[in-house]
Amino acid sequence: MTQLSVLDQVPVPRGTNSGTAIRNSVELASEAEDLGYASYWFAEHHLDQGRASSAPAILIALAIQATNRIKLGSAATVLPFHTSLEVAEEFGSLAAVAPGRVVLGLGRSKHGYGKSAPYREISEILSAVTAHPGSQDGDIAVAANGSDFLFELLGYLSNAPLTVPDDESRIREILNYLERPVAVVGGEEYRVSPGYQEDLGLAVFGGESGWSATIAAKYGLPLYVNAHSVKNDIVGTVRRYRDDFQPSKRLDSPYVGVSAHAIAAETDELGRRLEETYLRTLASLRARGTYLPSEPVTGGGFIEPDSQKFADSRALSFAGSPGFVVDKLRSLTDSVVADEILISTIVYAPEDRRASYRLIAENWD
């Protein structure tokens, strides 16, 4: 049976603040565990006052303290905004205190690399190497299959051209940090700690391009697809992943997760009413670049289902009675034979969000 999971963007309803939103999400993680949800995923968004999810590693740390069994993951850690070493150490630390429960989801951003990221990593590695007494030419040996960035660093030190690593190189770096010694200095192995050989799950998240399917298949990792992004090509994306999948020590067969937006309520009418928050939030994002959940309108004024402006959003947003929503979610998971479905719910009131997840869980079996 397809596993149920939560995808939390930590929405900040209009008139509240980030602290309240984060506390609401931590409480929801505890409730999701009690309801039998398999995993709780925190999204990553930056420079957005309507979503308090800029630091998923910290949110996971808070949720670890409030839960006991449920898996906790990032969906996804956006590669261009972090150094590879930072990611390996942060999530290695989380896995050290909650072994087997933390999953590092890796994704990329359409905005590309910020200029500061590669130079910050160069500075960190250069400082670490030069701080070691005797770290002169010939004293540093990079471990077999070690970090690509260390190879680039050696090129930098020898005045060779230096290039910014692409997203695949960063994933390879992170895998190497977690699975192998980074370097040998003076005969002594240097490893990422915490991080090296911790019980930490890895996954690849993606949307419109075939990049995520290709990378997940190549490195033998689970693939999570955002149904809103891949739209009509979701089946093709998953098929490509399964066809090209190469077993790894982390995963011996393909594993597919799919995400969708859903709101379950006691009646179809109430579900549609609550969906107004989601659609108006999207309108705010498109018009002003601000993702700010607001209260649904009262006394009529629905955004009509055939409204062209929201047609793409409605196509993969399911709102209504529990039976209706569950049927739609099952149809989506059946279309790609998904192992897991990640449900995102954007409504104004935290109690409506909790109720939606409860109703879906109660009607899933």
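Going by the working numbering, the sequence shown opens with residue 600, and the numbers climb by one from there. Where a beta carbon is used, it is the ideal one built from N, C-alpha and C, also for glycine. All values derive from a computational prediction rather than experimental measurement.
query, result
"Nonlocal neighbours in the same chain, by C-beta distance under 8 Å from PRO732, ignoring five residues either side", "Note on PRO732: pLDDT 41, under 50, position unreliable in the model; no value is reported."
"LYS714 versus THR682: straight-line alpha-carbon distance, rounded", "Any reading at LYS714 needs caution, since the residue's pLDDT is 39, under 50, leaving its predicted position unreliable; the model's value is listed next. Taking the straight line from one Cα to the other gives about 12 Å."
"Given VAL677 as reference, the closest of VAL803, VAL925 and ARG953 once Cα atoms are compared", "VAL803"
"Of the listed residues VAL855, ALA816, ASP951 and THR836, nearest to ARG872 (C-alpha basis)", "ASP951"
"Assumed close pair GLY967, PRO821 - CB separation to whole angstroms, cut-off 8 Å", "For the chain, the structure presents residues 600 to 964; residue 967 sits outside this window and is missing."
"Straight-line gap, ASP843 to ALA812 (C-alpha atoms, nearest Å)", "9 Å"
"Completely contained alpha helix (DSSP H) runs for the region 762 to 841, where each covers 4 or more residues", "766 to 778, 810 to 817 and 826 to 829"
"Delimiting residues of the beta strand (DSSP E) encompassing LYS670", "670 to 673"
"Beta-carbon proximity of LEU671 to VAL701, cut-off 8 Å", "yes"
"Contacts around GLY870, its chain only, beta-carbon distance under 6 Å, and the 5 residues preceding and following it disregarded", "ILE862, ALA864, ALA918 and GLY919"
"Whether ASP938 touches TYR854 by CB criterion (8 Å)", "yes"
"Enclosing alpha helix (DSSP H) for TYR956 [first to last residue]", "949 to 963"
"Other residues of its chain near ALA743: CB distance less than 6 Å, five sequence neighbours each side excluded", "Only weak support is given to the placement of ALA743: the predicted model assigns it a pLDDT of 39, under 50, and the value that follows is read from those uncertain coordinates. The answer is none, since no qualifying residue turns up."
"Validate contact between the region 692 to 701 and the region 657 to 665 using beta carbons, cut 8 Å, 3 pairs", "yes"
"Cβ shell of LEU634 (< 7 Å), same chain only, five flanking positions each side left out", "TYR956, ARG957 and ALA960"
"CA nearest to the CA of ALA697, picked from PHE923, LEU799 and ALA815", "LEU799"
"Bridge partner(s) assigned by DSSP for TYR639", "VAL605 and LEU671"
"Closest Cα partner of ARG771 within the set LEU801, GLU787 and ASN962", "LEU801"
"Outcome for ARG668 when other beta-carbon atoms lying within 10 angstroms are tallied against a minimum of 16", "exposed"
"Residues near TYR776 by beta carbon distance below 7 Å, same chain, minus five either side", "SER683, LEU684, ALA687, SER746, VAL791 and GLY794"
"8 Å Cβ cutoff met for GLY819 and ARG849", "yes"
"Alpha helix (DSSP H) segment containing GLU865, residue limits", "Careful: GLU865 lies outside any alpha helix (DSSP H) and carries neither H nor E."
"Nearest-angstrom Cβ-Cβ length linking ILE942 and ALA859, presumed shorter than 8 Å", "7 Å"
"Rounded separation between ASP766 and LYS817 - CA only", "14 Å"
"Residue from THR601, SER629, PRO655 and GLY618 whose Cα sits closest to the Cα of GLN608", "PRO655"
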